[in-house]
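The block underneath contains the structure these notes are about, expressed in structure tokens.
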Amino acid sequence: MQALIDVSIPVFAIILAGYLAGRFKLLGQDSTAALNGFVYFIALPAMFLSSTSQAPVADVLDWRLLAVIGGGYFATAIPVAVIARIFFSKRIGEIGLHSAASVFANTGYMGIPLVLTAFGAAATNAMIATVLANLFIVLGIASAVMEVDRTGASGPRVVVDAVRGLVRSPLLCACAAGMVLSALQWTIPGPALKFLDLLGASAGPCALFAMGLFLVGQSVRRGAGEVAWITVVKLAVHPMATWLIAHYLIPLDPLEEAVAVIMAALPTGGLIFVLAQRYGVYVQRATAAILVSTIVSIATVSFAIQHYVDLIGS
């Protein structure tokens, strides 16, 4: 619990700093789009290129673990998309981000420090696999859906625009380039790697600060029913689906199962807000879902971590 609180408080503090900067008119609302543009096109690609280029591809591409993680995503997101279409929205972009918010986890800002604190370096490969799957699968599909929503395509054109969305995503291109470098065992020169790391380190704080700026004049309570539903799915349904697959369909060793389930149990990640802001769709709901799920996760994620620490330690 204390480790989770220690990770969560800085998250809320940066959001609060952004809100206060906007509330007292130190920065205007236009700053939100500018900050998100920096995060989306520069800081995040730099971070992804640096991190994936140093990740041992052969070690993290464990098909069993990836199948469990991907199975948890699809088993959760597909029914959620159907429910979102029936009860909440008819627009494909809003449905896509609703589904993405229900499975995209805050693996980088919260998951990595929590898993390392709980299980140490032994969990590193499984942790990297979950982070990469989170980016490639969820962000990849969400980016494709948002491109289709942007163009309003129908019929065969949908496939073309979806592929274009994947190819044009700077986040996925950076991940793919980094994995190619890793597979070829090419090392990024020291000064260039330092440059990428410095830019990448600013991505999380800038995205959270922009979220705080956006909140000025917004009602977090608007759409409370939808946000509560997304929170329940993200913190309970998604990790449960992942656990069922890992426990009964594709058995993993206890440590791999622990990492997969705990990462699934994390709150909605801030990149959903970045993507929503980038396309101007679902921004208020995305922000509210991130805030509410992060608050509630202090209890739910603590339970999941304690369960697996006891299980692996026994």
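Quick note: the sequence shown uses our numbering, first residue 35, plus one each step.
Heads up, the beta-carbon is just placed ideally off N, CA and C, and yes, glycines get one too.
Item, Value
"Backbone secondary structure at residue 89 - three-state DSSP", "coil"
"C-beta contact flag for residue 350 and residue 161 at 8 Å", "In the structure as shown, the chain starts at 35 and stops at 348, and residue 350 therefore has no counterpart that could be examined."
"Beta-carbon proximity list for residue 339, same chain, < 7 Å, skipping 5 on both sides", "148, 152, 296"
"Distance between residue 211 and residue 86 (C-alpha atoms, nearest Å)", "8 Å"
"Three-state secondary structure (DSSP) of residue 302", "strand"
"Whole-Å CB distance - residue 141 paired with residue 300, under 8 Å assumed", "6 Å"
"Own chain, CB closer than 7 Å to residue 275, minus 5 neighbours either side, in chain order", "106, 109, 110"
"Three CB pairs or more closer than 8 Å across the stretch 66-74 and the stretch 256-275", "no"
"Short Cβ contact (8 Å threshold) for residue 241 with residue 138", "no"
"From 101, 80, 56, residue whose alpha carbon lies closest to that of residue 279", "101"
"Cβ separation of residue 103 and residue 167, assumed to be a contact under 8 Å, to the nearest whole Å", "4 Å"
"Residue 133 - containing alpha helix (DSSP H), residue span", "126-135"
"Unbroken alpha helix (DSSP H) run spanning residue 184, endpoints", "174-185"
"Local Cβ density within 10 Å of residue 316, reported as buried at 16 or more and exposed below that", "buried"
"Whole-angstrom distance between residue 143 and residue 158, CA atom to CA atom", "15 Å"
"Ordered list of alpha helix (DSSP H) runs contained in the stretch 204-257, each at least 4 residues", "204-217, 224-235, 237-249"
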